[in-house]
Amino acid sequence: MPLNGLGEPPGDQILPALFPVPDPATPAPARRRVPRPEAADGPEPPGSGPARPGTAEDGRQLVFFGAETAEPVLADLAGLLAGPAEVVRMGGTARISVVVDAAWRVHVLVAELAQRGIAASWEPTGDDRHAVRTSYARTLKPLAAAWLRGTTKRPPAGFHLNGRRLRLWLAAAGVAEPPGFLFRLGPADQECWEPVGAALAAVGLGGDLLDPTAGGPAYLVTGRRRLRRLAELVGDRPPAVPPPAWPERP
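Structure, rendered in structure tokens:
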């Protein structure tokens, strides 16, 4: 089901129903973002050391490398590729797609993609899931070139995670699994698992790799300090997300 660049379906097409529907009158928390260009994957350090906070308009501390400290950029979609998302090339363009297990994920991903100027579409898969796809776009070609070796997906050298990338991964495939959070991986993406795990550890979110027999493939992040770090990095819960599905700040 196609959507326009603003993340809204054309005509009478609507996004999958949410229960409960989020209250549109609820104001979003104020954020201060500092624009900063970013390549598809550059030498930016992962920020595993002490945070360098700023201050939001509501007085909250902003964590360095957190989702609230910079404008959304296309390179953030690397967070989807760290998880189960797929990327394919066609001519001079590329497309990213991911199958999600809940309607709220469609809402969040469409909105996040629209913030980055990417048109998206979605459709039910017939097994109570939804396939979310970007349009084919030339702007996505650098991500595809960085992540694909033939048809095999593999993180490029220097791959790192930050708050914006983690936010997208969490929206697409993060699952609350008390006492922690699962970050699901692509079942056929074994070449990604180790470097993605190293990138998680580098931002203070080292987790246990679960194989398919244990409910994976996924990384399980546990521990009070790590979950607090996760909440700081991914930022505030989007209105469409049910509260238990998003890490809350203390």
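Numbered by full-length UniProt numbering, the letters in the sequence shown go through residues 1 to 250 in order. Where is the CB? At the ideal position from N, CA and C, for every residue including glycine.
**Simplified DSSP assignment, three categories, for Trp122** = Strand at Trp122.
**Message:** For Leu182 and Ala114, what's the separation of their Cα atoms in angstroms?
**Reply:** Each residue's alpha carbon lies about 26 Å from the other.
**Message:** Please tell me whether, using a cut-off of 7 Å, the distance from the CB of Ala201 to the nearest non-hydrogen atom of the ligand GDP is below it.
**Reply:** Of the ligands one can find in the structure shown there are none, so the ligand GDP has no counterpart to examine.
**Request:** In the DSSP assignment, find the beta strand (DSSP E) that holds His130 and state where it starts and stops.
**Result:** Per DSSP, His130 belongs to the beta strand (DSSP E) from 130–134.
**Asked** Does the beta-carbon of Gly126 have 16 or more other beta-carbons within 10 angstroms, so that it is buried, or is it exposed?
**Response** By the Cβ-count criterion, Gly126 is exposed, with fewer than 16 other Cβ atoms from all chains shown falling within 10 Å of its own Cβ.
**Request:** Run through the stretch 203–239 for me and flag every whole alpha helix (DSSP H) of 4 or more residues, listed as ranges in chain order.
**Result:** Those alpha helix (DSSP H) runs which fall completely within the stretch 203–239 and span 4+ residues are 224–234.
**Prompt:** Which ranges would you report for the alpha helix (DSSP H) in the stretch 127–190 if only whole runs of at least 4 residues count?
**Reply:** Within the stretch 127–190, the runs of alpha helix (DSSP H) at least 4 residues long that lie entirely inside it are, in chain order, 141–147, 163–173.
**Message:** Which residue wins for smallest C-alpha separation from Thr139, given the options Gly117, Leu220, Leu109, Arg129?
**Reply:** For Thr139, the closest C-alpha among the options Gly117, Leu220, Leu109, Arg129 is that of Gly117.
**Prompt:** In this structure, does DSSP put Ala85 in helix, strand or coil?
**Reply:** Looking at Ala85 - three-state DSSP - the assignment turns out to be coil, as it is neither helix nor strand.
**Request:** Please state whether DSSP places Val241 in a helix, a strand or coil.
**Result:** Note: Val241 maps to coil in three-state DSSP.
**N- and C-terminal bounds of the alpha helix (DSSP H) containing Arg105** = First-last of the alpha helix (DSSP H) with Arg105: 103–115.
**Asked** So the beta strand (DSSP E) Ala94 belongs to, where does it begin and stop?
**Response** Start and end: 93–100.
**Request:** Have a look at Ala28 and Gly150 and give me their C-alpha separation to the nearest angstrom.
**Result:** Summary for Ala28: the model assigns pLDDT 38, below 50, so the residue's position carries little reliability, and this model does not support an answer.
**Asked** Hey, how far is the Cα of Ala119 from the Cα of Arg226?
**Response** A direct Cα-to-Cα measurement between Ala119 and Arg226 gives close to 34 Å.
**Length of the line joining the Cα atoms of Pro247 and Arg228** = Cα to Cα, Pro247 sits roughly 8 Å from Arg228.
**Asked** Taking the alpha-carbon positions, what's the Thr134 to Ala103 distance?
**Response** Each residue's Cα considered, the two are about 17 Å apart.
**Item:** Assigned exposure category for Pro244 - 16 Cβ within 10 Å defines buried
**Value:** With fewer than 16 Cβ atoms within 10 Å of its Cβ, Pro244 is classed as exposed.
**Supposed contact pair Leu168 and Leu77 - C-beta distance, whole angstroms, cut 8 Å** = Between Leu168 and Leu77 the Cβ distance is about 7 Å, and since that is below 8 Å, they are a contact.
**Item:** Residue environment, Val63, which counts as buried when at least 16 other CB atoms sit within 10 Å
**Value:** Residue placement at Val63 cannot be trusted, given a pLDDT of 48 that sits under 50; what the coordinates show is reported in the next sentence. Counting C-beta atoms within 10 angstroms of its own C-beta, Val63 has 16 or more neighbours from the protein chains shown and is therefore classed as buried.
**Request:** State whether the stretch 203–211 contacts the stretch 78–91, with contact taken as three or more CB pairs (one from each stretch) at a distance under 8 Å.
**Result:** Too few Cβ pairs lie closer than 8 Å, so no.
**Asked** From Val196, Ala218, Leu230, pick the residue whose C-alpha is nearest to that of Phe159; which is it?
**Response** The option with the nearest alpha carbon to Phe159 is Val196.
**Item:** Of the listed residues Gly235, Pro156, Leu220, nearest to Pro179 (C-alpha basis)
**Value:** Selected option, being the one with the closest Cα: Leu220.
**Prompt:** Which residue from Ala176, Tyr136, Glu194 puts its Cα closest to that of Met90?
**Reply:** Met90 has its Cα closest to that of Tyr136, out of Ala176, Tyr136, Glu194.
**Message:** Rounded to the nearest angstrom, what separates Val234 and Gly92 at their Cα positions?
**Reply:** In a straight line, the C-alpha of Val234 is about 32 Å away from that of Gly92.
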